[in-house]
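Working notes, beginning with the structure itself.
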Amino acid sequence: MIDILPLFPLQLVAFPGERLALHIFEERYQQLIGDCEKESITFGIPTYVDDALKFGTEMTLVKVVKRYPNGASDIICKGSRLFKIKDFISQLPSKLYAGGHVVFLENNFETIDKRSLELLKLIELFYKRLEVQPPPYDSYAFNSYTLAHKLGLSIDQEYELLQLRSEEKRITFLKNHLEIMISTLSAVSRTKELIALNGHFKHFDPLDFNNLEI
Numbered sequence: 068m069i070d071i072l073p074l075f076p077l078q079l080v081a082f083p084g085e086r087l088a089l090h091i092f093e094e095r096y097q098q099l100i101g102d103c104e105k106e107s108i109t110f111g112i113p114t115y116v117d118d119a120l121k122f123g124t125e126m127t128l129v130k131v132v133k134r135y136p137n138g139a140s141d142i143i144c145k146g147s148r149l150f151k152i153k154d155f156i157s158q159l160p161s162k163l164y165a166g167g168h169v170v171f172l173e174n175n176f177e178t179i180d181k182r183s184l185e186l187l188k189l190i191e192l193f194y195k196r197l198e199v200q201p202p203p204y205d206s207y208a209f210n211s212y213t214l215a216h217k218l219g220l221s222i223d224q225e226y227e228l229l230q231l232r233s234e235e236k237r238i239t240f241l242k243n244h245l246e247i248m249i250s251t252l253s254a255v256s257r258t259k260e261l262i263a264l265n266g267h268f269k270h271f272d273p274l275d276f277n278n279l280e281i
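The numbering of the sequence shown is this note's numbering, which starts it at 68 and goes up by one.
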């Protein structure tokens with residue numbers, strides 16, 4: 068089924084289940100938020116990447132936190148369904164904001180299993196290598212989306228993750244990313260140690276050549 072959804076394109080990835088804080092200042096989006104309040108409609112945040120709009124997340128307005136005299140506002144919204152844009156409309160009839168014909172996509176979530184627990188161990192090691200305090204997360208109630216913004220993904224990587232419709236594939240994606248990052252951070256740490264030793268007296272353990280084969 069194809070639906071028409073108001074669209075708020077941004078150069079960021081909003082994930083299903085995510086609570087997002089936004090400052091609304093453009094007139095067209097002030098109108099959109101006003102319509103959300105009056106008509107209880109939802110809107111979509113498609114990710115603007117590589118000069119294209121294709122996938123995004125449906126958002127529900129949760130709260131207008133602050134209103135400014137010039138009409139701007141600070142809002143909290145929450146992601147729900149993943150969608151794919153079939154046809155972009157730069158301006159909806161009688162509205163200032165854009166919209167599009169979208170298809171909502173099925174999105175699979177499995178329960179926490181061994182792969183998820185392995186991911187948590189990698190996250191702990193990742194932050195240990197960074198030498199920073201890990202951000203708070205509930206180790207008993209999490210999914211790939213709740214962790215995604217905390218793992219140093221680029222916007223292209225986050226967008227790739229958004230398009231994966233299986234939790235198993237998303238967990239595997241994040242594990243692979245962390246394994247590469249941890250390996251890189253370990254190499255950087257080793258390099259820093261070598262640089263720090265430059266110019267210092269070096270001590271080497273004696274080598275045993277008695278059983279050397281040539």
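All C-beta atoms in this analysis are idealised placements derived from N, C-alpha and C, irrespective of residue type, glycine included.
Only a predicted model underlies this, so the values are computations on that prediction, with no experimental measurement involved.
In this structure Leu-77 does not touch Phe-150 by the C-beta definition: roughly 15 Å separates them, more than the 8 Å allowed. For Lys-133, the CB contacts under 8 Å within the same chain, skipping 5 residues up- and downstream, are Ser-140, Asp-141 in chain order. Glu-93 and Ser-157 have their C-alpha atoms some 15 Å from each other. Under the three-state reduction of DSSP output, Tyr-164 falls in the coil class, being neither helix nor strand.
Beyond the five residues adjoining it in sequence on each side, Val-199 comes within less than 8 Å, by CB distance, of no other residue in the same chain. The beta-bridge partner set that DSSP reports for Lys-242 is empty. Contact annotation, Val-80 with Glu-225: C-beta distance approximately 4 Å; criterion of less than 8 Å satisfied. Rounded to the nearest angstrom, the gap between the Cα atoms of Gly-167 and Leu-74 is 7 Å.
Within the same chain, Cβ atoms closer than 6 Å to the Cβ of Leu-245 are found at Leu-189, Phe-193, the five residues on either side in sequence being excluded. In the displayed model, Val-170 falls within a strand according to three-state DSSP. In this structure the stretch 234–244 does not touch the stretch 83–91; the number of beta carbon pairs closer than 8 Å is below three. For the pair Ser-253 and Arg-148, the Cα-to-Cα distance works out to about 38 Å. Proximity to Leu-186 across Pro-203, Ala-165, Leu-218 peaks at Leu-218, based on C-alpha coordinates.
Pro-160 and Val-255 have their alpha carbons spaced roughly 55 Å apart. Looking at the backbone, the Cα of Pro-83 and that of Gly-146 are separated by about 4 Å. DSSP lists no beta-bridge partner residue for Thr-251. The beta-carbon distance between Ile-249 and Val-169, rounded to whole angstroms, is 37 Å. This is too long to meet the 8 Å contact definition. Note that the C-beta distance between Leu-197 and Gln-98 is not below 8 Å.
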